[in-house]
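Okay, so here's the structure we're looking at.
Chains as they are written, first to last, in this note's numbering: chain A, 137 to 475; chain B, 79 to 723; chain C, 226 to 409.
Structure follows, in structure tokens:
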């Protein structure tokens, strides 16, 4: 027995039971919506666990009480008195079932109403457009030069209601940040709205939750909740055009960007690159992760992603870019200067 | 009318009497290679459904093992995204379309229902055979596609626009769509056969009130199939039209609607899961009765529950679409309906518990599987209650929580009762008993493995892991649970291997089963095992719900039917009074030939719309051959003349 | 019984070997051929007795429905529609008709894209990776009805401007087609 114990993957089991939810756990809410849903979940869970225990106990008791071990069929029996009693018990059980289900219905509908409508009239509006396989994030504004366009990383102020307008450019995707709220499908041809509010500052991971093709597994996003002043500073930074390169290597990097395949798909405001096929890179250096939350935003990861994205996300729309080493180095320096 | 020969009881039939010999000759099925394709007897077709669907269960299981192997490590490279997408689509499609319905509804139904009704063959036997060949055709199309890199890769429900012409180039999604057509036409055919058998071929005296639970369930499911299958055929048909000839049903830019597909699909999809579950519940009802050694408690409530489940099952489909942004009022309605459907299922559970409580339980092997069903389906049903609640569903929809839920209800509600039914009816089908010890090993290995794999998935879903991802990042903290889930596969595989060994061994050297080794009450146990080609020496009559238990020893049998032609008895649908005689058409090659021409037309239409006008004439030719009059018409007789009490 | 099993096994193996090229998703691109732009010939003539060996003019992407569909997406994203519309032409010549100016073969279209042409066709060298130019070339051929139906794209999810490429009737190219042996 003892030698066999060493084959059990204890490390994995301990990690599995790890309490670190990683900021994407349904039962570790950071927002009132997810909090309401968590409450509802535990209530229903408690009721259903009680039902389960009772039913299993009933079957076990029934089996143990009347069980006979025999290998040939026993004679047929009947129990009229027992059946008469059972009629009452089963009727009672059905009644309890109906009442329990009704209660669950009521608390579900009430919770649904609670998470449905925003509490304030001044929400921050965000337009999320899902593409294969990244998220185009826009903060619309009646003034065109006050509209922010970014990708995959959503910044929100803590404590303010956020309204998300959804759309999809190609297939059905689903916007889901477990710690914040329930998911909403982004369906081409439909534009729906939902809201959430984050009460605790932090970075919350989300992921596409509707199968959308080859890289559905790597279509993540994050919601960065920060204090209002930090959020406003971020907004102001996003509105600026791209920083002018300060070193000669960065200048060379910008040239590489503008003379290779990069400008065919990406925008860097303030330069000639203005294509909307891929994500907006004007402030790429300020993001925590790249490639839709697949890789950390470091020089090495960025270089590997640029040179061969198909290795990391096979089937993604971005092509490999076999650049000369000096060009690649300069490009990385330039991109990492785009705060 | 004077009886020419002494009446031998069905269970005394050794096949040696003059009558038995004449009947065997009249009802014999042809042998040899071509004879196999001409067979129209329900027992042979039923066995074919069971064996073929079991093969696809195994193949689907291999795909599942591949999925679990891929997910055992983050950023694993066992399968790339393209192959993985094909594998999980094939897994779901094979399990639902090529295993669950063909086994639970078609296989068990076709074999057992005519025997339980007291008939010599199923109604419309050629349609029955045709349904089998069409099912095999669909299975070959799907798997042939998979093996030639044309397997569908859009998920088993193939949502548009992903499966539409713009985002699924090539013919992969077309293969999926046509497979749907094959299998659903096959299910419709069997539904018609079973419904007719149950309504018009029951033994005299078997009023609706005396029908066994399994016949009630098959009747309800046949009607559900007739209403549900056309919806998915429309969905896949419109998808095919969009892809092949450029219609715009699902193109929002031209006035189409992507959600239309989901409504059409799930209008079928939800009744489909009840089509898979209710046969399991009926098997459990039969076995609970037999192994508690008493008639079932609450016959009427269970019948009403089965009918109610079939009915309410059509009003809950939108609970698969709660995340699409529907109005709150409709979400609440569908929550209410989805919770309401728990009531009939709960009623059945309570009645089963009462039957065991006030009976004398014999925990034989089939009953052990029923207890496995109670445990497993209960967990699945309860997690379903969680999913009916919209806010919770919005969090766990499209995650591994849902994967855990539906595997609990499908494996608990179909696979456990399937094994219970296989262990129970194997003696009748093969004439030998399966080994009890191997069966117990099978049960425990499978039970432990199943719970290890799928209970773990509930937690994965709550931790944020979505469905249909070919890999995940190492910083997601999902690896531990994935490893645990993948270990369960080993146990389940071992269990399956034990079962296969058990079957192959028992076919050769299992204990010989008599007519009724379990002491059950149904008419299918009234003759030898396996049944002779004519099923019953004399068509029985019944005067109670449990004929072999409660009918008197001198219960009359039907005489007066000719034994030199394949004469059958048609009875009234409500009270089973004899109405007239009919003639079984006998073995025929036309169902197979028609299935060939229909398959050719379907497969051709994957590649070109011209296949429809070009493929239609051969179909018409084979249908003409099928329907050509045989020169003998049934002679209706006024009722009452055949009773010889 | 054993005979049937072996026959079935043989059938399965045979089927497995016939993997369908049309359905292939080419996710790992082969490295670009060396100096390909200088070796694709438009004319079949050359000075001297020995002919310059013609490099392969084949386009593996035009056998894969996925690659042609990618070409269709890139045609839109790289703004080919700006001059050529969806095949009807405008500032640039029509691409869905039979007339060709700089060759209709895959290699010809590829070099047209990469080298640019007088009268307005820009050069996309170093702007578009070579494999993408091959995919676009395959799509352009499908616009003109030169690819088999099964590989050509079906309708898009946009407004219905014209029939899908798979419904385009087959046309024989005319004008300067680049087809070896034909009058250039």
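Even for Gly, the Cβ is constructed at its ideal location relative to N, Cα and C. Quantities reported herein were computed from a predicted structural model and do not represent experimental measurements.
_Please list, in chain order, the residues of the region 430–443 of chain B that have any C-beta partner in chain A closer than 9 Å._
430, 431, 432, 433, 434, 435, 436, 437, 438, 439, 440, 441, 442
*Count the other CB atoms, across all protein chains shown, that sit within 10 Å of the CB of residue 584 (chain B); report buried if there are 16 or more and exposed otherwise.*
Residue 584 (chain B) is buried by the Cβ-count criterion.
*Which residues of chain A have a Cβ atom closer than 9 Å to the Cβ of residue 401 (chain B), listed in chain order?*
310, 312, 318, 319, 320, 321, 345, 346
*Step through the CB atoms of chain B and report whether any lies within less than 8 Å of the CB of residue 373 (chain C).*
no
*For the beta strand (DSSP E) containing residue 303 (chain A), list its first residue and its last residue.*
Start and end: 297–304.
*Using Cβ-Cβ distances below 9 Å, what residues of the region 161–179 of chain A are close to chain B?*
161, 162, 163, 169, 170, 172, 173, 174, 176, 177
_Just checking: is the beta-carbon of residue 321 (chain C) within a distance shorter than 8 Å of some beta-carbon in chain B?_
no
*asked:* Assuming contact is defined by CB atoms lying nearer than 8 Å, are residue 228 (chain B) and residue 314 (chain B) in contact in what I supplied?
replied: Going by C-beta atoms, residue 228 (chain B) is not nearer than 8 Å to residue 314 (chain B).
*Are residue 331 (chain C) and residue 362 (chain C) closer than 8 Å when you measure CB to CB?*
In terms of Cβ geometry, residue 331 (chain C) and residue 362 (chain C) form a close pair [threshold 8 Å].
*Using a Cβ cut-off of 7 Å, which residues of the region 443–466 of chain A contact any Cβ in chain C, in chain order?*
446, 450, 451, 455, 456
*Which parts of the region 281–357 of chain A are runs of the beta strand (DSSP E), unbroken and 3 residues or longer, counting only runs that do not cross its ends?*
284–287, 289–293, 297–304, 309–312, 320–322, 329–333, 338–344
*Anticipated Cβ contact below 8 Å, residue 388 (chain B) with residue 299 (chain B), distance rounded*: Correct: roughly 7 Å between the Cβ atoms.
*beta strand (DSSP E) containing residue 648 (chain B): first to last residue?*
645–649
_The alpha helix (DSSP H) enclosing residue 180 (chain A), as first and last residue numbers_ = 168–202
*For residue 356 (chain C) and residue 287 (chain C), believed in contact at Cβ under 8 Å, the rounded distance*: 12 Å between Cβ atoms; not a contact.
_C-alpha distance - residue 345 (chain A) paired with residue 487 (chain B), whole-angstrom precision_ = 22 Å
*DSSP state of residue 411 (chain C) mapped onto helix, strand, coil*: Chain C is shown only over 226 to 409; residue 411 (chain C) falls outside these bounds and no answer can be derived.
*For residue 432 (chain A), the three-state DSSP class (helix, strand or coil)*: strand
*Straight-line CA distance for residue 392 (chain A) to residue 417 (chain A)?*
Whole-angstrom Cα-Cα distance: 15 Å.
*Counting Cβ pairs closer than 8 Å, one from the region 369–376 of chain A and one from the region 268–286 of chain A, do we hit at least three?*
By the Cβ rule, the region 369–376 of chain A counts as touching the region 268–286 of chain A, because three or more pairs are nearer than 8 Å.
*Is residue 394 (chain B) helix, strand or coil by DSSP?*
coil
_Pick from C:395, C:318, C:365, C:323 that is closest to residue 342 (chain C), judged by C-alpha positions_ = C:318
*Name the chain B residues that come within less than 8 Å of residue 250 (chain C), Cβ to Cβ?*
160
*Just the Cα atoms here: how many angstroms apart are residue 287 (chain B) and residue 367 (chain B)?*
17 Å
*What does residue 324 (chain A) touch in chain C if you count any residue whose Cβ is under 9 Å from its own?*
382
*Name the two residues that bound the continuous beta strand (DSSP E) containing residue 263 (chain A).*
Residues 260–267.
*asked:* Counting only C-beta atoms, is residue 658 (chain B) closer than 8 Å to chain A at any point?
replied: no
*Indicate the three-state DSSP secondary structure (helix, strand or coil) for residue 157 (chain A) in the structure shown.*
With a pLDDT of only 46 at residue 157 (chain A), under 50, the local geometry of the prediction cannot be trusted, and the value read off the model is given with reservation. Reduced to three states, the DSSP call for residue 157 (chain A) is coil.
*asked:* Let me see if you follow: with CB-CB separation under 8 Å, is residue 679 (chain B) close to chain A or not?
replied: no
*asked:* Cutting at 7 Å between CB atoms, please list the residues of its own chain near residue 157 (chain A), excluding the five before and the five after it.
replied: Per-residue confidence for residue 157 (chain A) stands at a pLDDT of 46, beneath the threshold of 50, marking its modelled position as unreliable; the derived number appears in the next sentence. So the qualifying residues of the chain are 164.
_Distance, residue 235 (chain A) Cα to residue 183 (chain A) Cα_ = 12 Å
*asked:* Tell me whether the region 391–408 of chain A and the region 432–439 of chain A touch, counting them as touching only if at least three CB pairs, one residue from each stretch, are closer than 8 Å.
replied: no
*So, are the CB atoms of residue 482 (chain B) and residue 525 (chain B) less than 8 Å apart?*
no
*Contact check, residue 410 (chain B) vs residue 245 (chain A) under 8 Å by CB: the rounded distance?*
Residue 410 (chain B) to residue 245 (chain A), Cβ: 5 Å. Contact.
*Are the Cβ atoms of residue 123 (chain B) and residue 188 (chain B) separated by less than 8 Å?*
yes
*Hey, does residue 303 (chain C) have any beta-carbon neighbour from chain A nearer than 8 Å?*
yes
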